Ligand SMILES: [Mg+2]
Ligand SMILES: [Zn+2]
């Protein structure tokens, strides 16, 4: 059978709650919710939306990292899922509409082995933050970091692509992946747009589904 890859979102998918939502709730004040609503409705892309939201934050790098270290929890089944993928030679990469720093801190805290990841960059000057979008893609006007090109790249290499996500930045990849696991906003979106998806809550459920569908490509 075909070789396969799991391409997964980070915030709200590997972590139980979106780490950016936590950061914004704590350090940005309530105005960010209006911007988030515009992003969800599609009137504002994530590229501009995230910039506007983060501009409201007053947070130092230390406060930011301390928050991640104390407040963030991950899906308790995620590490077991990674072992399952390793055994079955399923490649796993993380693609995030948030920041690499969040992934680094959280992975270190929970002892998650290094996974390839692609994310935006956050920098600090005192309590002001600055964002960089190193992976902006010209094919997509709305995303700061469009995740669809990763799916396309692996499809072109002959992979069966499995995507897991929960939110707005997962819309573009959900349109092109071979198998989509969706929850929360992404599940609603897929439902509205007629994109086939499998509802899930944890990576444990994704594992069960892959086993039941005999999507174990090298075993
Ligand atoms: Mg997410
Ligand atoms: Zn996009």
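In the working numbering, the protein residues as written are 3 to 221.
Idealized CB from N, CA, C, for every residue including glycine.
Note that the structure is a prediction, hence the values are computed from the model and not measured.
In this structure, residue 169 has its CB closer than 6 Å to one or more heavy atoms of ligand 1. In this structure, residue 166 lies away from residue 197, with their beta-carbon atoms at least 7 Å apart. In this structure residue 136 is exposed. Its beta-carbon is surrounded by fewer than 16 other beta-carbon atoms within 10 angstroms.
Burial state of residue 129 is exposed, judged by a 10 Å Cβ sphere holding fewer than 16 other Cβ atoms. Of the candidates 4, 16 and 107, 16 places its Cα closest to the Cα of residue 184. The beta-carbon separation of residue 115 and residue 84, rounded to 7 Å, stays under the 8 Å limit for a contact. Bounds of any beta strand (DSSP E) do not take in residue 152; it lies within the alpha helix (DSSP H) bounded by 150 to 158. Counting only runs of 3 or more residues that sit fully inside the segment 41 to 108, the beta strand (DSSP E) segments are 93 to 101, in chain order. Counting only residues of its own chain and dropping the five nearest sequence neighbours on each side, residue 173 has a CB closer than 6 Å to the CB of 191. Shown here, residue 126 sits in a strand according to DSSP, grouped into three states. For ligand 1, no non-hydrogen atom lies closer than 6 Å to the CB of residue 68.
By the criterion of at least three beta-carbon pairs nearer than 8 Å, the segment 10 to 25 is in contact with the segment 101 to 113. At least one heavy atom of ligand 1 is found less than 6 Å from the C-beta of residue 14. The three-state secondary structure of residue 135, taken from DSSP, is coil. Residue 89 has its alpha-carbon roughly 31 Å from the corresponding atom of residue 170. Those residues having their beta-carbon less than 6 Å away from any non-hydrogen atom of ligand 2 are, in chain order, 142, 144, 145, 148, 150 and 174.
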